[in-house]
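Written below as structure tokens is the structure these notes are about.
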Amino acid sequence: MRCDYYDAGTCRSCTYLEVPYPEQLAHKVAARTDLLTSVAADAWLPPVASPEAHFRNKAKMVAGGSTANPTLGILGADQRGVDLRGCPLYPAPITDALPVLADVVTSAGLVPYSVPDRRGELKHVLVTASPAGRLMVRLVLRSTDQLGRIRRALPGLLAALPNLDVVTVNILPTHVALLEGDTEIVLTERDRLEMDLGTVRLELPPQSFFQTNSAIASQMYGQARAWADEIGARSALDLYCGVGGFALALVSGVAGGSTDGLTDGLADGLTDGLADGGSASDRGERFSLGDHPEDGGLSGGRVVDDGHAPADVRSHSDDGSASLVGAPSDQVSGPPDQDPGLPDRRVIGIETSAPAIEGALAAGEAAGVADRAEFRSGDATAFATASSSGDVDLVIVNPPRRGLSPELAGWLENSAVGHVLYSSCNAITLARDLDLMPSLRPVAARLFDMFPHTAHDEVMVLLARD
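Below is the structure:
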């Protein structure tokens, strides 16, 4: 990928842009296999590569400059705005929308916020694109003083961007290094952006976390579905479920059943699971392992056979027979159609973010799987540790970068759950957590390159109880 901003030294966020992409991916695979020593070499499936450009489905632009000449991008060393409207990480729907949004800043008379002077109103412009090219735009303001200007500009904005479905204003009143505040004001009829990933169709509310590389997210959901099908999981618990990606991928296309039995076995955990954090929205040297960035994509991810990882890995059942765990790339691209041969499957998703749960519930209703996918707002650790594990075949954990709490890792270790699917954005805490669960043996693992040109990625590991 070529970037004029990088070449000019204007933006160096893509730390490894000068490294050929195959080499980037090889370094990531080597770093993860070296760190995750509990995963056997033959358990690694080929990594899933991302498109090198236009993969980022969300632009988080700092508003700077002036009303007459606004910038949308980042803050420079002097804390003034640097315009990055042409960043090649973004797909065409976003890059086409950014000049229109800059024009609205001028025509509506919005005043960009000055960090050095602590004056102004418009702090950030956040644009999310669905795989279908539909848009959600969120304008982060210091106060509601210029809300009326935005309302008056809305008809013209919608006419200029016919693919714009959702427009909101978020209020961040304090001078603080945060992206958004707590108050969200929806200005359009629609209040959620539909994200059809092929493997699953989701509903994304404004104040909810979603993986920022849609192509890789789709591949991850497809891999989770393939593993769940292979182990014959009839019931699952999806902790840190966000807007329901993993949970809904597991039940999309599965015939029959309801969540009643699973609910009975787990409902006792709900009361104690409503208080604390645990949302999926939380988060050196060359290719070092550190905090992962916030954003990323749109077009299709691909499986890379680097000559080292096997195309599949074998899992041995109680009778000694071997079965395939994992799937070739053509089996990870989407869920099967209705298949009466699949077991009835029920899933419960737990997430602290109320907007995310609302989106998951709406997506489940739209997909016709509300009787098999139940979503509840609560703390993952509190819910799990207060629940019986006897009715659960598979637990999915997709924690923030800090990983699992010791209490949750201990519960999983001592539970009756036969399989755990761990999706991680931080391999350091993943390695720590795997060491805390020695009774759960990694039988398959895969790297998904969520963040090309950086040292960061996602790793999914399937664990089976010895």
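Going by the working numbering, the first residue of the sequence shown is number 2, and it counts up by one from there.
Beta carbons: idealized from backbone N, C-alpha and C, even for Gly.
So what does residue i bridge to, in DSSP terms?
| i | result |
| --- | --- |
| Trp-45 | Ala-446 |
| Asp-197 | Arg-202 |
| Ser-378 | Glu-352 |
| Ala-124 | First, the amino acid is wrong: residue 124 is Lys here, not Ala. Answer is none; Lys-124 lacks a bridge partner. |
| Ala-64 | Leu-73 |
| Thr-169 | Arg-139 and Val-187 |
| Tyr-423 | Val-398 and Val-462 |
| Gly-82 | Leu-76 |
| Thr-129 | Lys-59 and Met-137 |
| Leu-441 | Arg-466 |
Return helix, strand or coil for residue i, following the three-state DSSP convention.
| i | result |
| --- | --- |
| Asn-415 | helix |
| Met-221 | helix |
| Glu-19 | coil |
| Gly-157 | helix |
| Cys-4 | coil |
| Leu-179 | coil |
| Ser-115 | strand |
| His-40 | Per the sequence shown, the amino acid found at residue 40 is Val instead of His. In the structure shown, Val-40 sits in coil (DSSP, three-state: anything other than H, G, I, E or B). |
| Ser-14 | coil |
| Arg-245 | One detail in the question is off: residue 245 reads as Gly in this sequence, not Arg. Correct three-state label for Gly-245: coil. |
| Gly-87 | coil |
| Pro-311 | Low confidence applies here, because Pro-311 scores a pLDDT of 32, under 50, leaving its location unreliable; read the following figure in that light. Pro-311 falls in the coil class under three-state DSSP. |
| Leu-240 | strand |
| Arg-347 | strand |
| Leu-251 | helix |
| Leu-162 | coil |
| Leu-405 | coil |
| Asp-230 | helix |
| Ser-215 | helix |
| Arg-150 | helix |
| Gly-360 | helix |
| Ala-456 | coil |
| Phe-210 | coil |
| Val-393 | coil |
| Ala-410 | helix |
| Ala-9 | coil |
| Ala-385 | helix |
| Asp-331 | Note on Asp-331: pLDDT 42, under 50, position unreliable in the model; the coordinate value appears next. Residue state, collapsed to three classes: helix. |
| Pro-174 | coil |
Looking only at its own chain, which residues have a Cβ that is under 7 Å from the Cβ of residue i, when we skip the five neighbours before and after it?
| i | result |
| --- | --- |
| Val-333 | With a pLDDT of 47 at Val-333, under the threshold of 50, the predicted position of this residue should be treated as unreliable, and no value is reported. |
| Glu-53 | Met-2, Tyr-22 and Pro-453 |
| Pro-174 | Arg-143, Ser-144 and Gly-182 |
| Lys-124 | Ala-64, Tyr-114, Val-141, Leu-142, Arg-143 and Leu-173 |
| Leu-198 | Pro-132, Ser-215, Ala-218, Ser-219 and Tyr-222 |
| Leu-18 | Met-2, Cys-4, Tyr-7 and His-454 |
| Val-116 | Leu-76 and Gln-80 |
| Gly-369 | none |
| Ala-410 | Asp-434, Leu-437 and Met-438 |
Just to confirm my understanding: we take residue i, look at its own chain, exclude 5 residues before and 5 after, and list those with CB closer than 8 Å. What are they?
| i | result |
| --- | --- |
| Met-461 | Met-221, Gln-224, Ala-225, Leu-422, Tyr-423, Ser-424, Ser-425, Ala-446, Arg-447 and Phe-449 |
| Ala-109 | Gln-147, Arg-150, Ile-151, Arg-153 and Ala-154 |
| Arg-346 | Ala-229, Ala-234, Arg-235, Ser-236, Ala-237, Leu-251, Val-252, Val-255, Gly-258 and Arg-373 |
| Glu-1 | Limits of the chain in this structure are 2 at one end and 467 at the other, which puts residue 1 out of reach. |
| Lys-29 | Pro-48, Phe-288, Leu-448, Asp-450, Ala-456 and Asp-458 |
| Thr-34 | Val-40, Ala-42 and Trp-45 |
List the endpoints of the continuous alpha helix (DSSP H) containing residue i.
| i | result |
| --- | --- |
| Thr-145 | Segment: none, Thr-145 is in no alpha helix (DSSP H) and carries neither H nor E. |
| Pro-71 | Taken as a continuous stretch (DSSP letters only), Pro-71 belongs to no alpha helix (DSSP H), being part of the beta strand (DSSP E) at 71-76. |
| Ser-108 | 93-109 |
| Leu-431 | 428-436 |
For residue i, report the span of its beta strand (DSSP E) as first-last.
| i | result |
| --- | --- |
| Glu-24 | Segment 22-36 is the alpha helix (DSSP H) holding Glu-24; no beta strand (DSSP E) there. |
| Gly-369 | Taken as a continuous stretch (DSSP letters only), Gly-369 belongs to no beta strand (DSSP E), as it is neither H nor E. |
Which residues in the same chain have their Cβ closer than 6 Å to the Cβ of residue i, if we skip the five residues on either side of it in sequence?
| i | result |
| --- | --- |
| Ala-357 | Ser-209, Gly-243 and Val-244 |
| Met-137 | Thr-129, Val-167 and Leu-194 |
| Leu-435 | Ser-39 |
| Ala-60 | Tyr-91, Ile-95 and Val-128 |
| Leu-37 | Ala-432 |
| Thr-184 | Ile-172 |
| Asp-112 | Sequence inspection shows Val at residue 112; the Asp mentioned does not correspond to that position. Excluding sequence neighbours, Val-112 sits near Thr-68, Gly-121 and Glu-122. |
What I want to know is whether the C-beta of residue i ends up closer than 7 Å to one or more non-hydrogen atoms of the ligand MN.
| i | result |
| --- | --- |
| Pro-407 | This structure simply doesn't include the ligand MN, nor any ligand for that matter. |
Given 8 Å as the limit, is there contact between the segment 428-444 and the segment 385-394, that is, 3 or more CB pairs closer than that?
no
The segment 161-170 contacting the segment 98-114, beta-carbon criterion three pairs below 8 Å:
yes
Are there three or more Cβ pairs, one per stretch, closer than 8 Å when the segment 57-70 is compared with the segment 106-123?
yes
Segment contact, 8 Å Cβ cut-off, at least three pairs: the segment 46-61 with the segment 89-96:
yes
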